[in-house]
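Peer 1: Take a look at the following structure, please.
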Amino acid sequence: MHDGVATPDRTHIARQKYLTFHVGGECFGIGIMAVQEIIKVMPITKMPQAPSCMRGVINLRGKVIPIVDMRLRFALEQVPDTERTCIIVVESSSVGGSVGMVVDEVSEVLDMQEESHERPPVFSGSQEKSFVSSIAKIGQRIVLILDLESTLSFIREGGLDLANLKI
Numbered sequence: 002m003h004d005g006v007a008t009p010d011r012t013h014i015a016r017q018k019y020l021t022f023h024v025g026g027e028c029f030g031i032g033i034m035a036v037q038e039i040i041k042v043m044p045i046t047k048m049p050q051a052p053s054c055m056r057g058v059i060n061l062r063g064k065v066i067p068i069v070d071m072r073l074r075f076a077l078e079q080v081p082d083t084e085r086t087c088i089i090v091v092e093s094s095s096v097g098g099s100v101g102m103v104v105d106e107v108s109e110v111l112d113m114q115e116e117s118h119e120r121p122p123v124f125s126g127s128q129e130k131s132f133v134s135s136i137a138k139i140g141q142r143i144v145l146i147l148d149l150e151s152t153l154s155f156i157r158e159g160g161l162d163l164a165n166l167k168i
């Protein structure tokens with residue numbers, strides 16, 4: 002029996018929460034479940050012979066965390082840190098532990114429908130797997146959803162063993 006009261010649509014729409022942040026003027030997103038915490042930039046110890054996008058390591062409550070400068074990872078110009086610059090600490094299965102990502106600023110957590118995502122364009126001649134897994138449209142905004150594992154896989158490939166990093 003219909004009583005004239007609108008009932009919510011029971012159709013399941015796949016949704017996921019993403020932490021959005023900015024690097025070099027572009028908006029990126031990562032699945033919120035990978036995020037452990039967001040911290041202010043702190044003193045970073047440089048590592049000899051580390052890849053150029055590695056700023057070094059930090060001591061976060063007794064745990065050594067490698068720090069990746071996302072501007073350099075995306076081949077952008079390095080700029081001085083500001084009061085909005087922060088480190089997003091994520092858990093990466095391809096790396097086997099926690100990694101910090103230096104970003105220009107953290108924006109917000111967005112709840113996005115899978116239907117708002119499109120595949121990124123493939124550029125001919127590209128030898129590297131794309132860091133972007135999808136492109137989400139939120140109103141008039143574009144959010145580049147990162148493939149966290151491919152973005153950070155260079156750490157493991159470079160021979161850095163997080164399991165053996167100790168203070």
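Just so we're aligned: the sequence shown equals residues 2 to 168 in our numbering. Glycine included, each C-beta is placed from N, C-alpha and C at the ideal position. Keep in mind that this is a model prediction, so the values were computed, not measured.
Give the single residue among I89, S99, P49 and T86 whose Cα lies nearest to the Cα of G63.
Peer 2: Along the sequence shown, read from residue 1 onward, the residue named residue 63 stands at position 62. With distances taken between Cα atoms, G63 lies closest to S99.
Peer 1: Express the C-alpha separation of H23 and T12 in angstroms, rounding to a whole number.
Peer 2: Sequence index remark: in the sequence shown, residue 12 carries index 11 (1-based). Sequence index remark: in the sequence shown, residue 23 carries index 22 (1-based). At T12 the pLDDT is 47, less than 50, meaning the model places this residue with poor confidence; the figure from the coordinates comes in the next sentence. Distance between the alpha carbons of T12 and H23 is about 33 Å.
Peer 1: Determine, using beta carbons only, whether G146 and G101 come nearer to each other than 8 Å.
Peer 2: Stepping through the sequence shown from its first residue, residue 146 is reached at position 145. Stepping through the sequence shown from its first residue, residue 101 is reached at position 100. In the sequence under discussion, the amino acid at residue 146 is Ile, which differs from the Gly named in the question. No, the pair does not count as a contact, with Cβ atoms beyond the cut-off.
Peer 1: Within its chain, find whatever has a CB closer than 7 Å to the CB of E92; leave out the 5 residues flanking it on each side and keep chain order.
Peer 2: As a working note, residue 92 is residue 91 in the sequence shown. For E92, where only same-chain residues beyond five positions count, the Cβ hits under 7 Å are A35, Q37 and S99.
Peer 1: Out of V110, G140 and Q141, point me to the one whose CA is closest to Q17's CA.
Peer 2: The residue labelled residue 17 in the question sits at position 16 within the sequence shown. Q17 has its Cα closest to that of V110, out of V110, G140 and Q141.
Peer 1: So, under 8 Å CB-CB, G25 and R85 are touching, yes? Tell me the CB distance rounded to an integer number of Å.
Peer 2: Here residue 25 refers to the residue found at position 24 when the sequence shown is read from its first residue. Here residue 85 refers to the residue found at position 84 when the sequence shown is read from its first residue. R85 and G25 do not touch by the CB rule: their CB atoms are close to 13 Å apart, not below 8 Å.
Peer 1: In the structure shown, what three-state DSSP assignment does S154 receive?
Peer 2: Translated into the one-based positions of the sequence shown, residue 154 becomes position 153. Of the three classes helix, strand and coil, the one that applies to S154 here is helix, per DSSP.
Peer 1: Can you have a look at Q128 and say buried or exposed, based on whether 16 or more other CB atoms are within 10 angstroms of its CB?
Peer 2: Within the sequence shown, numbered from 1, the residue matching residue 128 stands at position 127. Low per-residue confidence applies at Q128: pLDDT is 44, beneath 50, and the placement is therefore not dependable, though the value from the model is reported in the following sentence. With fewer than 16 Cβ atoms within 10 Å of its Cβ, Q128 is classed as exposed.
Peer 1: According to DSSP, is R142 helix, strand or coil?
Peer 2: To locate residue 142, count along the sequence shown from 1; it is residue 141. The answer is strand: DSSP assigns R142 an E or B state.
Peer 1: So the candidates are I31, S95, C87 and E150; which of them puts its Cα closest to the Cα of E106?
Peer 2: Walking along the sequence shown from the start, residue 106 turns up at place 105. Per the Cα distances, C87.
Peer 1: What span of residues does the beta strand (DSSP E) with M113 cover, start to end?
Peer 2: Translated into the one-based positions of the sequence shown, residue 113 becomes position 112. Run containing M113: E106 to Q114, per the beta strand (DSSP E) assignment.
Peer 1: Please report the straight-line C-alpha distance between I40 and I68, rounded to a whole angstrom.
Peer 2: Counted from its first residue, the sequence shown places residue 40 at position 39. Counted from its first residue, the sequence shown places residue 68 at position 67. Approximately 12 Å between the Cα atoms of the pair.
Peer 1: When the Cα of Q79 is compared with those of R120, M113, L61 and M55, which residue comes out closest?
Peer 2: Translated into the one-based positions of the sequence shown, residue 79 becomes position 78. Cα-wise, what sits closest to Q79 is M55.
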